[in-house]
Each structure stands twice: as C-alpha cells, then as structure tokens.
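Engineer:
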C-alpha cells in the first residue's frame, strides 16, 4: 500500500522527463552537483539536521541514533514521522516544504548528501517508508524511448531521489533483491530501532564510502548538538563501541543579557544568543524561500570549566550557518548564525543581511565576554585582522561592540570600565596597590586585567610608567603617604621607577632612589658633617632598596659621591671635622683605598700643621723618611692623628710606612699620562720608540710604578735599592716587564716605568746603575765598571741593568769605559771585549772620540782617527801604529776605518803560481787549490811572510803559506798543525793523533 504517494510522484516526474528530456538532464545535473559538491561531506550534519527538524515539528527534545551495522548506516530519530509532504520534499530538488521559522532543514535539498555514500537510501517510519534505488531508476528511465540518447550518454549517472518507491509495496522477492540488485538490507521493514520514530537506512556503496562514514562518525563531538539545539541526545554506535553525547537544558547565567550555559557531553558551554526578524530590505535579492522565512538567530559560544573560566573551542575554526561552512575564522569562540549562503551552500554570501547578522554577532559576543568575571575573558578579544572578508567583518563588529561594553573591572573594584575608559600604565600590572594608585591615575583596570595588546586594540590608553612617576613628582605628600605610595608601586617594573621622588630626613624631596641612603644603625654623629641624602624614616620602604637606595652604613656613606664632593669642597672651617669623620667611618667599615681609591686624597694634617693628601704622608718613624730629600715634618702624618686613629686606619686611607705604587689598567701609552710621576713622559717616549708606529696609541695592560723615586737622596740609593728588593709588594714593579697591546691585537713587552727610571736617573757614587757591576762580576767587567755593594738577588740585578758579564754591559757603557784613561785593562781582556762587540749590531751612538788599542800585554787609549781595525791577521805584519784586531762589525761599532780601507797595501813583484801541497788537504779539506810563491814578499814596502788579496794567497815561507790557507779556509785555529805538516809531511799522522787530545 502506497500510503506516501510515491507512485504518483514517479509518474509525474517520468511524464515531465518524457515531455522534456532537457528537464531530465537538468534534474540529473542538479542532483549530481548537490551530492558531489555542496553536500559531498555533509552526511552526518544533514542527518542530524533532519532529526532536529523532526523534533522541532513535534515539540519534543530530539534524539538521534547513528549506527554503523556492517556496511549499513542507520540514522534514527524521534519526532514528526515521515509524511507525503516530506516525501515530496525529499524527491523535489528545487523546493523545500520547510517554511516554519523554527526549521533548520527538514527534508530539504540537503538529503542529497546520502548519495555521496549510498545508491539505495531509504527512510522508514512506523507508519510507512520510502526508498530510492539508482538501479531501479535506471530501469524505469530505460523504458522511455525519449530518454534513450541521454541514458546512453549518462550511464549510471541518473537522478535517484526524483523517483521514490514505497517500502510497503515490496514483494518478498523484491525485498531480497532483483535483477537490478538489492533494494534494502534484510529486515529493512523493521529497521527503525526501538525507541525511535524514523530511520534513514543507507546501504553503503563500497569500501571508500564505508571509510568515509567511519571517519565522519569518529569526529562527532559536542559541537553538533550546540549548533542544533533541538537535539538532546546523540548516540553513535560503530561495531562494539557506543558513545552517547547528552545535551542538557540551558541554564541562565544572565537571562536579561541572553547569556546561558549548557552541559553538552563532557563539556559545559557558555553562549550568548539573539533572535529577530529581518526587515524586507535586508532580504532584497535573496531567493523567495529565504524571503518567506525572515526570522534570524545568532549564537556565540565558548567552553567553560567548573570555575566558569573560558577555554578554547578545540573545533574546526569555521563559521556555522548554522551547519559548518567553508568560511574559516580566527575568532576564539564558536559563531553560529542563520547567515545566507551562496549557490554552493558552502560559503556565506556578502549581503546586507550578512552585515546585519555580523553586527548582531558582535553584540552577542560583547555580552558573552562581559559575562565573565575572570581576566581570562581578555583571551576572547579577537586579533586585529580576520582570515577573510567574512571574518574581517565579524572582527570589525565584535571590536565595535566590545569597545562600547563596560566589562573591565576597575582597580578600585567599584565599577566596570569600557575599554576606551581604561588607562593601562605599562609596567604597573604587578604593582601591589593598584587601588591606591587609582586615586592618582584614573582608569586603571583591576589586577590581572592588564593585557595591553588586547585592550589597546579596543581603544584603551597606554601610558608609560615613567609618565606616572613624573605625575607623582608633582604631588605634595607626607613621608608616611610616600611610604604608602611605595607599597602600592611595589612589584612594578623597577627600571621605570628610577626617577621616583624620595622625601629626605632634612625635609628635601629628591628624585631617584639610587642617590639616597636608607636609615640604618650608624651613629648619627658620624653623618653630621655631611649633607647626605638620607630617606625620612617614615618613608623608608624595601622598594627603595630594590631601586638602588643603600642602607646607611659606614661603607655606604663612604661610597656616597656627596661625601667625596664634600671633602673636595670643604672650607677652612671644615678642614679638620670632615677628615676626622671619614677616618671614623673607615675604621667602622673596614674599607681601604683599594676599595675606594679617592681615600688617598683625603686631606690629613702633617707634623708641620699643614694638610696634605693621605698618599703623600708617611707614618711617623718610617724608615723611608731617612732616605728622602724632603722636609720630614711635611711628609710625616701628625702624631696626634696617629694616636687618635691608629696606624691601621691611616694605612687604610693611603698613609704609608714605606714605598707606594701607582696602579691602573688599560693605560694609553701617549704623552697624556696623569700619574704625576717624575719624567713619565720620557718613559712613554722611550717605550714608544721600541714599538712599531701605529695610528692608535698602544695600551698598557697593567701600569704599575713606584712613586717618589725623584725624592730619594743621592747618598741613600744603596739603602733604597735594598729596600726595593726586599719589599715583596713593591719589587714586581722593578723585576716584571710591562706589556702593551697594539692596535692589531698583538702583545709587546716593554720595560716598566720603574725599571726605566732607575736605569736612567738613579745614581750610586755619581754613576748610573748600568755603569755598575755586581760584586761577583767577571774580572774583565770589574776592570771596567765600579762594583755595587748592595745585596740584591739576580733577578733584581738584571732589572736594574747591573752587569756580571761582558755580554750584559750595554754597548754605550763599554765604549765609554774603554775610552777612560784611568781604566787598566790587559790586552787579552780588551780583545775579549772587542770580540763581544763584534757580535753586536752597530748602534747609532756617534763616534766615541777615543779608542782603546792593545799595547803589548796592556792597552792604551788613542784618538779614534788614529786607530784602524785590522780585518785580517796579515795586517799585523805591517806594524801599524794604532791597530785593533777585529772584524768589519767591530769597526762599525767603534766608528773607525778598516785597515784595508785606510792603507794602500799592494803586493810587490809577480811571484810563481803553484799548486797547494797535497798534505794540506789532509788538515784542511777545504783549502785553496793554489797559491803565489815569492822568494821575498813585500807589501807596502815591508817584507812579510804572507798576504791575502781577496781569496788569493801569497806566501814567502811555509809558515806563511799555512797561515794564508787557514785564514782563507776560515779555520784559523788549525794554522799551527798545518805549518808543521808542511814542514814535515811524514809527521802528519802523529800531529793528527795529538790533535784528538785537544
């Protein structure tokens, strides 16, 4: 029995297609477009939407069962059963019977979504059912000759939903299947599960359809009953798993504002809704079905926890209209509204109605945000930009509504502020007493409500904390009120509070806690001489300490710049009181000049009754006083001062009982040294001359120098040097070099200032230190230099330039001492000295004027222009009047001529060229191959045994030949053996054997 009129529907449709094959093509294309396009992935949503509409029509709370049984999906619901009007709606693609305002989509074109997974859908109710079949539809269409061409072209892509069949008319054979295939699963007639009124039965097409349905069922969550509020329960059954999502009745949070909460599944949602009827102008240009249903609704929802705190939606971020669209959103809340859709049914279309609903969403959103008492409500404030045109429109209206909504608690707690009334003081959010500060700054939000970025987007004013500090400086407050203000500011950003006003004990108000002292336990009498910035006791607060104020202690007072400034500016009437107070503070604090370098400038009285810097005074009885060429009373600290304060306190401020050092790091090596040391510029010039030229001055890594060297008495230098050597704190300034860093980053070694000054200026017995020698110096050195009778260690001796060997004596000193007529020096020692000078590079010392020459076993001094250096032993045969044996290097050092340059020494006569005897090569393998033999060899008119011209050897005797061969071969020491071998070749083995004994 066809109670739902399916046959009549089929007849009308087939007749229309027969009359107009174009209509058939149009219906086929439309259905295909809906199933593959607009509703391709909306199966679950559309089934839930139909269930919600059925419940709404029946006036009951809806229930939906989604059961996947094998390869069949059953969607069962309660509510209004299937009726002929509903069947017509399911089978008519261009119109929907749903014109009631409370309908979401009951049996409309959305039912086409079933075709995405099934070719044999059915809808069964207790009072009848309807089914569709792609195969049966194709069979009917194949019977129409007018559609044969279209059917050949389309194959199985025929309209399905336009040709309904009654489930009740099926014969037994039809129920189990036919040539066209099975129509319904076995038992389909009883497929409506118990407790439900209607069931949609979908035999799934294939494995892809089955996988798609499983995925869709797995993603069902509490959002579905939220967007379809008519549903009170959704049951999902897949295999052996069963999930139940229950939606409770809405509970009013603020009924007047339309804010409710609803328990759905495991979550509680807070939502703000609004409904209304659109004016005709808003619907202009929309389809008739929409114009006939002008009612609209919007809902904004967020999940909340048990404390009513908003959380994240954790759903796909799209706008719901009311089912999901493809329009993404960046809003932190779920937006549901009856937005008009475009022809694809997947996007909200731009229209006056859309703009109107976006404005309503903004108002609901603002009411929702205002319903929260927690600062986490600020997390719901949207960002500045939307993801697309619709999202941007929603953002704009939400921002507009929030701007006008008083939802931000004030710092005083007695009012709510609009964002445009809020004044966020940057850096004040963690201050302890915002309510106190609200009396000074209007518009401060309550603690926790200080999300500057979010509030600023809504028009809140942002004020720098430094501006608030400036405002405070204009206030006139008592010390205890200032303390309350500090307590209120405690926790604010410290850096911005650096200029905070502070009342002082003397009535002044200054800005900047870093420059003030906090009251402490120090005796007030110690502070009396100084006009210090001490905080008023009633205003003292720990915040001031965190801002740099220091507690009044002896150490903090000494570190206060005002104390040093007071000392420097002290008048005659304060000259004694201030230093006395400082000395007491030093004794109390334990600080020394190493901690506060300025203390060594403290003016203290000397024994003469005058005041001078502490560093220039010595303790009474100091050994150093006996060594200085000064007025002892002017360099001695007052005995009364010593009696009052003790030696330890005086030493702490720089009064000395011995030598003193100047010390500083990273000192530029230039003419602008500032240590007030004697001839420090001369040391800088000397050190600079030792270094390569650079654009930037070298940097002395650690400058250390002994002070007052120029004050030592001339006769006190031996004792003073002994004192230097014995003082472990001072001697490093002498024995350790200084190091400089060059502009290229390299490190160079230079003599320290102290070492240079002592070598340059110190005198012992009228002689500079480099002209003195150690008491255990070599005899030749003692013959040249005066001994220093001071017991110093070797490192100290070397640093002072005091020599022990000829190698240590500077060239200038050697030349100067050698030219002294009073020096008695054996010729052998002289030759030793000249041998050393020959090894040294020539120095630009200038002509010595006088030169010492060998004189028999002794030596004598002659004018330099009379002397020559014999650059070979053959020159000694000429008996030159002032000859010095040596090398060209020695001639350069002495600045005298070489004999070969000063004299014309040509060889007279030709001579005979002969080969060198073979025996010579056994002594000198590198000997020359030939020589010139002379019966009588004459050079410069004088007879000689041998001579050398270049590498050519001239000889008149075998002994002369031996000497010439040895000199040219560079083995002068073998001339004796060679001479004997030439005289007696047979004796050579014995001679060589004897040589092995040295």
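In this note's numbering, the protein residues as written are 90 to 1087. Where a beta carbon is used, it is the ideal one built from N, C-alpha and C, also for glycine.
Determine the DSSP secondary structure at residue 634, reduced to helix, strand or coil.
Structural biologist: DSSP places residue 634 in helix when its eight states are reduced to three.
Engineer: If I measure Cβ to Cβ from residue 792 and keep anything under 6 Å in the same chain, skipping five residues before and after, which residues do I get?
Structural biologist: These residues qualify, in order along the chain: 753, 756.
Engineer: Between the Cα of residue 33 and the Cα atoms of 660, 234, 688, 1030, which residue gives the shortest distance?
Structural biologist: No statement about residue 33 is possible, as the shown extent of the chain runs from 90 to 1087 and does not include it.
Engineer: Check each candidate in 888, 704, 216, 561 and name the one with the smallest Cα separation from residue 842.
Structural biologist: Per the Cα distances, 888.
Engineer: Specify, as a first and last residue, the run of the alpha helix (DSSP H) that residue 98 falls within.
Structural biologist: Counting along the chain, the alpha helix (DSSP H) containing residue 98 begins and ends at 95-108.
Engineer: Just to confirm the assignment: which complete alpha helix (DSSP H) runs, minimum length 4, are found wholly within the region 503-591?
Structural biologist: Whole alpha helix (DSSP H) segments, 4+ residues: 523-526, 541-546, 554-562, 568-578.
Engineer: Mind checking whether residue 293 and residue 162 have CB atoms under 8 Å apart?
Structural biologist: Yes, the Cβ-Cβ distance between residue 293 and residue 162 is below 8 Å.
Engineer: Taking only three categories from DSSP, how would you classify residue 194?
Structural biologist: Model confidence at residue 194 stands at a pLDDT of 43, short of 50, so the residue's coordinates are unreliable and nothing is read from them.
Engineer: Please tell me whether residue 491 and residue 458 are closer than 8 Å, where the distance is taken between their beta carbons.
Structural biologist: Their beta carbons are under 8 Å apart, which means residue 491 touches residue 458 by this criterion.
Engineer: Give me the Cβ distance between residue 203 and residue 226, rounded to the nearest whole Å; I'm assuming they're in contact under 8 Å.
Structural biologist: 14 Å between Cβ atoms; not a contact.
Engineer: In the DSSP output, what is residue 385 paired with across the bridge?
Structural biologist: In DSSP, residue 385 forms a bridge with 365.
Engineer: Report the CB separation of residue 840 from residue 817 in whole angstroms; it is logged as a contact under 8 Å.
Structural biologist: Contact doesn't hold; Cβ gap of about 21 Å is too wide.
Engineer: In terms of DSSP beta bridges, what is residue 1020 paired with?
Structural biologist: For residue 1020, which the question treats as bridged, DSSP gives the partners 1003.
Engineer: Would the beta-carbon of residue 1096 fall within 8 Å of that of residue 160?
Structural biologist: Any property of residue 1096 remains undetermined from this structure, which presents the chain solely from 90 to 1087.
Engineer: Check whether the Cβ atoms of residue 361 and residue 493 sit closer than 8 Å, and answer yes or no.
Structural biologist: Not a contact, by the Cβ cut-off of 8 Å.
Engineer: Exposed or buried, what is residue 138 when buried is set at 16 or more other beta-carbons lying within 10 Å of its beta-carbon?
Structural biologist: Under this definition residue 138 is a buried residue.
Engineer: Straight-line CA distance for residue 296 to residue 133?
Structural biologist: If I take the Cα positions, the gap works out to 18 Å.
Engineer: Use the C-beta contact count for residue 518: other C-beta atoms within 10 angstroms, 16 or more gives buried, fewer gives exposed.
Structural biologist: Answer is buried; the Cβ neighbour count reaches 16.
Engineer: Quick check: residue 522 and residue 576, are their CB atoms within less than 8 Å of each other?
Structural biologist: Contact flag set, yes.
Engineer: Do you know whose CA, among 674, 660, 157, 619, lies nearest residue 329's CA?
Structural biologist: Checking every option, the nearest Cα to that of residue 329 belongs to 157.
Engineer: How would you write the range of the alpha helix (DSSP H) that residue 741 sits in, first residue to last?
Structural biologist: It spans 728-741 - the alpha helix (DSSP H) in which residue 741 sits, taken as one unbroken run.
Engineer: Please state whether DSSP places residue 924 in a helix, a strand or coil.
Structural biologist: Reduced to three states, the DSSP call for residue 924 is helix.
Engineer: Using CA coordinates, which residue listed in 346, 354, 348 is at the minimum distance from residue 334?
Structural biologist: Nearest of 346, 354, 348 to residue 334, Cα basis: 354.
Engineer: Whole alpha helix (DSSP H) runs in the region 755-815 with 4 or more residues, listed along the chain?
Structural biologist: The region 755-815 contains these whole alpha helix (DSSP H) runs: 769-778, 806-815.
Engineer: If contact is defined by three or more beta carbon pairs under 8 Å, each pair taking one atom from either stretch, is the region 722-738 in contact with the region 687-706?
Structural biologist: Yes, the region 687-706 touches the region 722-738.
Engineer: Going by beta-carbon coordinates alone, are residue 499 and residue 507 separated by less than 8 Å?
Structural biologist: Not a contact, by the Cβ cut-off of 8 Å.
Engineer: Residue 948 by DSSP, collapsed to three states: which one?
Structural biologist: Three-state DSSP puts residue 948 in a strand.
Engineer: With DSSP as the reference, please indicate the residues paired to residue 399 in a beta bridge.
Structural biologist: DSSP, once it has assigned bridges, lists 393 as partnering residue 399.
Engineer: Among 620, 520, 801, which residue has its Cα nearest to the Cα of residue 852?
Structural biologist: When only C-alpha atoms are compared, the closest one is 801.
Engineer: Do the CB positions of residue 255 and residue 91 come within less than 8 Å of each other?
Structural biologist: Yes, the Cβ-Cβ distance between residue 255 and residue 91 is below 8 Å.
Engineer: Does the distance from the C-beta atom of residue 641 to that of residue 593 stay below 8 Å?
Structural biologist: For residue 641 and residue 593, no; Cβs fall outside 8 Å.
Engineer: Which residue's Cα is closest to the Cα of residue 881: 913, 909, 814?
Structural biologist: Residue 881 has its Cα closest to that of 814, out of 913, 909, 814.
Engineer: Using the three-state DSSP reduction, which class does residue 335 fall into: helix, strand or coil?
Structural biologist: Strand.
Engineer: Is DSSP giving residue 235 helix, strand or coil here?
Structural biologist: In this structure, residue 235 counts as helix in the three-state DSSP scheme.
Engineer: Counting only the same chain and skipping the five closest in sequence on each side, list residues whose C-beta sits under 7 Å from that of residue 311.
Structural biologist: Cβ neighbours of residue 311 beyond the five flanking positions: 334, 353, 354, 356.
Engineer: What's the call for residue 906, buried or exposed, on a 16-neighbour Cβ count within 10 Å?
Structural biologist: With 16 or more other Cβ atoms within 10 Å, it is buried.
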